[in-house]
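For the sequence shown, my numbering puts the final residue at 184, and the numbers step up evenly by one.
Heads up, the beta-carbon is just placed ideally off N, CA and C, and yes, glycines get one too.
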Amino acid sequence: MFCANFKTESKLSTDSFVSALNYYLPYSIAVKSCEEVDESFHARFSCKSKEYVYLIWNARHRNPFYKDRAYHYTYPIDVDKMNKAAESAVGTHDFTSFCASGSEVEDKVRTIFSAKVERDADFVRFTVSGDGFLYNMVRIMVGSLLDIQNGKIEAKTLGEIIEAKDRLKAGFTAPAHGLYLNRVEY
-1 MFCANFKTES
9 KLSTDSFVSA
19 LNYYLPYSIA
29 VKSCEEVDES
39 FHARFSCKSK
49 EYVYLIWNAR
59 HRNPFYKDRA
69 YHYTYPIDVD
79 KMNKAAESAV
89 GTHDFTSFCA
99 SGSEVEDKVR
109 TIFSAKVERD
119 ADFVRFTVSG
129 DGFLYNMVRI
139 MVGSLLDIQN
149 GKIEAKTLGE
159 IIEAKDRLKA
169 GFTAPAHGLY
179 LNRVEY
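Structure (structure tokens):
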């Protein structure tokens, strides 16, 4: 479930707001509940943690049902090797190497709570949770993990790339269509 916030001077009850919003929203979006919150609340900046999932379709043949929903990667993936490389990202670090170049964010220190790679048949799923993420951070982590396990970059772990504080030491930026915001906690 995800959250949005806005300010209003409306006198509608929260239940009436839910009905009114759902009336005007497209069928693919639904408001389940509504509540009044303190003015200091911000849906993006008040969260305590976020969890992202990156989905890879790992097979020679493409899957038309996952076009634009998962990254089609045809080369072999060693999940154990990727997990070993990913575990060094857990903790509080300066993630400069995993930030899109040109970013104006000054503080690139973030805390990663967990990072794991799992296989389910032809799907490989990278799940990462943390207190916040830089622009393209998860996609660059995925590209780096794929490049590490294939020997395309010198680093053997994400930790080595983190220590470099250099975007050029990280792997490619994986395509956006495999990335999903899975959970937000307040």
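Inset, instruction - Output the distance between the C-alpha atoms of A68 and P24, rounded to the nearest integer angstrom. - result: Translated into the one-based positions of the sequence shown, residue 68 becomes position 70. Translated into the one-based positions of the sequence shown, residue 24 becomes position 26. Computed Cα separation, rounded: 24 Å.
Legend entry - Nearest to K114 (by Cα), restricted to the options L53, S101, I151, A172: If you number the sequence shown from 1, residue 114 lands on position 116. Checked all of L53, S101, I151, A172; the closest Cα to K114 is L53.
Inset, instruction - Go ahead and pull the three-state DSSP assignment for I110. - result: If you number the sequence shown from 1, residue 110 lands on position 112. It is a strand residue.
Inset, instruction - Could you tell me which residues DSSP pairs with L132 in its beta bridges? - result: Numbered from 1 along the sequence shown, position 134 holds the residue referred to as residue 132. Note: L132 sits in no beta bridge, so no partner.
Legend entry - G141 classed as buried or exposed, judged by whether at least 16 other C-beta atoms fall within 10 angstroms: In the sequence shown, the residue the question calls residue 141 occupies position 143. Counting Cβ neighbours within 10 Å, G141 comes out buried, since at least 16 surround it.
Inset, instruction - With a threshold of 16 other CB atoms inside 10 Å of the CB of S11, please say whether the residue is buried or exposed. - result: The sequence position of residue 11 within the sequence shown is 13, counting from 1. Exposed, because fewer than 16 other Cβ atoms sit within 10 Å of the Cβ of S11.
Inset, instruction - Would you please verify whether the beta carbon of S38 is less than 7 Å from any beta carbon of chain D? - result: In summary, chain D is missing from the structure at hand, where a single protein chain is found.
Legend entry - Residues near D13 in its chain [Cβ-Cβ closer than 8 Å; skip 5 each side]: In the sequence shown, counting from the first residue as 1, residue 13 sits at position 15. Cβ within range, chain order: C32.
Inset, instruction - Return the CA-CA distance between S44 and L143, expressed in angstroms with no decimal places. - result: Here residue 44 refers to the residue found at position 46 of the sequence shown. Here residue 143 refers to the residue found at position 145 of the sequence shown. Looking at the two C-alpha atoms, the distance is approximately 30 Å.
Legend entry - Segment limits, beta strand (DSSP E) that includes D78: Indexing the sequence shown from 1 puts residue 78 at position 80. Where D78 is concerned, there is no enclosing beta strand (DSSP E), although the alpha helix (DSSP H) it sits in stretches over 77 to 84.
Inset, instruction - Identify every residue that forms a DSSP beta bridge with G89. - result: Counting from 1 along the sequence shown, the entry for residue 89 is found at position 91. I110, per the DSSP bridge assignment.
Legend entry - Of the residues I146, G130, Y133, E102, the one placed nearest K79, counting alpha carbons only: Position 81 of the sequence shown, counted from the first residue, corresponds to residue 79. Looking at the Cα atoms, I146 is the closest of the given residues.
Inset, instruction - With a 10 Å radius around its C-beta and 16 neighbouring C-beta atoms as the bar for buried, classify L156 as buried or exposed. - result: By 1-based counting over the sequence shown, the position of residue 156 is 158. Buried.
Legend entry - Close beta carbons around C1, own chain, < 6 Å, minus the five adjacent residues each side: Stepping through the sequence shown from its first residue, residue 1 is reached at position 3. Around C1: A41.
Legend entry - Proximal residues to N148 (C-beta, below 7 Å), its chain only, five neighbours per side dropped: For the purposes of this step, residue 148 is identified with residue 150 of the sequence shown, where counting begins at 1. Counting only Cβ-Cβ distances below 7 Å, and skipping sequence neighbours, we find Y73.
Legend entry - N56 classed as buried or exposed, judged by whether at least 16 other C-beta atoms fall within 10 angstroms: The residue labelled residue 56 in the question sits at position 58 within the sequence shown. Buried.
Legend entry - Straight-line Cα distance separating L179 from G128: Working through the sequence shown from its first residue, we reach residue 128 at position 130. Working through the sequence shown from its first residue, we reach residue 179 at position 181. Rounded to whole angstroms, G128 to L179 spans 12 Å at the Cα level.
Inset, instruction - Report all residues from its chain with a CB closer than 6 Å to the CB of Y71; omit the five preceding and five following residues, and keep chain order. - result: As a working note, residue 71 is residue 73 in the sequence shown. The residues are I54, N56.
Legend entry - Residue of I75, S99, G130 minimising C-alpha distance to V88: Position 90 of the sequence shown, counted from the first residue, corresponds to residue 88. For the residues I75, S99, G130, the minimum Cα distance to V88 belongs to G130.
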